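Trainee: After the C-alpha cells below, expect a handful of questions from me.
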Amino acid sequence: ERRYVGHVSALERDEYFLTRGRNADPASFLALRFWINRGVKVELTDARDATPYWLISSKDPSALKEALKN
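Residue 70 is where the sequence shown ends in the numbering used here, and the numbering goes up by one at each step.
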C-alpha cells in the first residue's frame, strides 16, 4: 500500500552496486535485471513487515522516484 512507502532514493551505478552487493540487507526485496546498472531504493514503513526496503533496477531511476513520490 502507498502509505507504507517511505524514503525513495534514486541510485546511480556505484551506489546501486554497493546497495545490491556489500551493503545489502539480506531481508530486503530485490527486483533486479542484471543488464541494468541503476535503480531505486524504496524504504518501507510498515512495522508488521520485516522487509526494510525494496531495491528495484531501473533505466531511469529519477523518473521512477518521482512516480513513487506522487
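Glycine is no exception: its CB is placed at the ideal position from the N, C-alpha and C atoms.
Small disclaimer: the values here were computed from a predicted structure and weren't measured.
In terms of residue numbering, what span does the alpha helix (DSSP H) encompassing leucine 32 cover?
Mentor: Taking the sequence shown and counting its residues from 1, one reaches residue 32 at position 32. Element bounds for leucine 32: n/a, residue is neither H nor E.
Trainee: Identify every residue that forms a DSSP beta bridge with glutamate 15.
Mentor: Within the sequence shown, residue 15 is the residue found at index 15, counting from 1. DSSP, once it has assigned bridges, lists no residue as partnering glutamate 15.
Trainee: Candidates Trp35, Arg33, Glu43 and Ile56: which alpha carbon is nearest tyrosine 4's?
Mentor: The residue given as residue 4 occupies position 4 in the sequence shown. Tyrosine 4 has its Cα closest to that of Glu43, out of Trp35, Arg33, Glu43 and Ile56.
Trainee: Which residues bound the beta strand (DSSP E) around serine 57?
Mentor: As a working mapping, residue 57 is identified with position 57 in the sequence shown. 53-57 is the extent of the beta strand (DSSP E) around serine 57.
Trainee: Tell whether a beta-carbon distance below 8 Å holds between alanine 27 and threonine 51.
Mentor: As a first step, residue 27 must be located in the sequence shown, where it is residue number 27. As a first step, residue 51 must be located in the sequence shown, where it is residue number 51. Contact: yes.
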